[in-house]
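Position 45 of the sequence shown, counting from 1, maps to 44 under numbering that gives the first Met the number 0, and the rest follow consecutively.
In this text, a Cβ means the ideal position worked out from N, Cα and C, and glycines have one as well.
None of the values given here were measured: they were computed from a predicted structure.
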Amino acid sequence: MLWHIRVSHNIYKIGYDISTETLVIIFSDRSTRYFRPVSYSLYSRFAHAQFPDRFYRKVIEGKTPEVLPA
Numbered sequence: 000m001l002w003h004i005r006v007s008h009n010i011y012k013i014g015y016d017i018s019t020e021t022l023v024i025i026f027s028d029r030s031t032r033y034f035r036p037v038s039y040s041l042y043s044r045f046a047h048a049q050f051p052d053r054f055y056r057k058v059i060e061g062k063t064p065e066v067l068p069a
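Given below as structure tokens:
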């Protein structure tokens, strides 16, 4: 699992599981959401986005299937 910590004010951590292509987002309030399938390139764009909150709203939220934790 790859992790980026303190991504933005609202997003505390993002993680990516390479074997299952799952994106994990931990928000500032410690709630966790899992999304799959997510390509590594999408995770990389998210991890390096200048405005990660906006990237989440426009690219991931509502467009990528949310799954239950494994």
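Membership of Asp16 in the beta strand (DSSP E) is indicated by the continuous run 10-16. Within the region 24-49, the runs of beta strand (DSSP E) that reach at least 3 residues and sit entirely inside it are, in chain order, 31-34. Taken through DSSP and simplified to helix, strand or coil, Val58 comes out as helix. A straight line joining the alpha-carbon of Arg56 with that of Glu65 spans about 14 Å. Following the DSSP letters along the chain, one finds Leu1 inside the beta strand (DSSP E) bounded by residues 1-4.
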